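Undergrad: To convert, note that position 106 of the sequence shown is 171 in the working numbering; the numbers rise steadily by one, no gaps.
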Amino acid sequence: MNEKSTNRIIFAISVAVPVLVAILFYTPALNLNINVSFLPKLHAILNSTVAILLLIGLYFIKAKNIKAHKLTMLGAFSTSALFLISYVIYHSASESTLFGDSNFDGTVSAEESAAVSSIKMVYYIILLSHIILAAVIMPFILITAESKVENIMEA
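#1: For the alpha helix (DSSP H) containing ILE126, name the first residue and the last one.
#2: Which same chain residues, not among the five before or five after VAL173, have their C-beta less than 7 Å away from its C-beta?
#3: In this structure, does DSSP put ASN96 in helix, strand or coil?
#4: For my contact list, SER145 and VAL115 are in at a C-beta cut-off of 8 Å; report their separation, rounded to the angstrom.
#5: Using the Cα positions of LEU119 and LEU107, report the straight-line distance between them to the nearest angstrom.
#6: Cutting at 6 Å between CB atoms, please list the residues of its own chain near SER102, excluding the five before and the five after it.
#7: Can you tell me where the alpha helix (DSSP H) holding GLY171 begins and where it ends?
#8: Round the Cβ separation of SER157 and LEU89 to the nearest angstrom and send it over; I've been treating them as touching at under 8 Å.
#9: State the DSSP-derived secondary structure class of THR144, mapped to helix, strand or coil.
#10: Under DSSP, the alpha helix (DSSP H) around ASN72 begins and ends at which residues?
#11: What does a CB cutoff of less than 8 Å around SER151 pick up in its chain, not counting 5 residues either side in sequence?
#12: By alpha-carbon positions, which one of VAL214, LYS185, ALA210 and TYR155 ends up nearest to ILE99?
#13: With burial defined as no fewer than 16 other Cβ atoms inside 10 Å of the residue's Cβ, what is the status of GLY171: buried or exposed?
#14: Between PHE52 and HIS134, is the Cβ-Cβ spacing less than 8 Å?
#15: Quick check on THR92: buried or exposed, where buried means 16 or more other Cβ atoms within 10 Å of its Cβ?
#16: Can you tell me whether SER79 is buried or exposed? The criterion is at least 16 other CB atoms within 10 Å of its CB, across all chains shown.
Pasting the structure below:
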């Protein structure tokens, strides 16, 4: 595949994924006939695994162990992809949680809102920066992964 085609695919994925995730938050939950309540814990495990793999990969590259570094980065990329798939499944099959809805009844009462009012702005700032950074990083991840796969194929 030539570079122009690859860049088009990377661009399409980089636009499609954030758009799909945004759509998930504005559409009713799908009835997939599966219990997805375990997925948030799985997401935490997958993201923790990615963080650990990235640190191990850093260690390997500093130790000049290129082969172990490549395998570790492939593991981190694959685990991140698994997280993304699981994240989309979870958010397509479950209703969104409202910030401050401590009793999970789908509404935020005046008492619940008052209980979280002091941290609400901090939460939204962190959430907004997370959403923006997650969308911005996507093409960089795909470009890096593609170039490494290309190097492997040429070797």
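Ideal placement from N, C-alpha and C gives every residue a C-beta, glycine not left out.
Note that the coordinates shown come from a computational prediction; the quantities given were computed from them, not determined experimentally.
TA: According to the structure shown:
#1: 104-127
#2: LEU163, GLY165 and ASP166
#3: coil
#4: 5 Å
#5: 18 Å
#6: none
#7: GLY171 -> no alpha helix (DSSP H), and no H or E assigned at all.
#8: 5 Å
#9: helix
#10: 68-89
#11: LEU104, LEU107, HIS108 and LEU111
#12: TYR155
#13: exposed
#14: For residue 52 there is no data in the structure shown, the boundaries of the chain being 66 and 220.
#15: exposed
#16: buried
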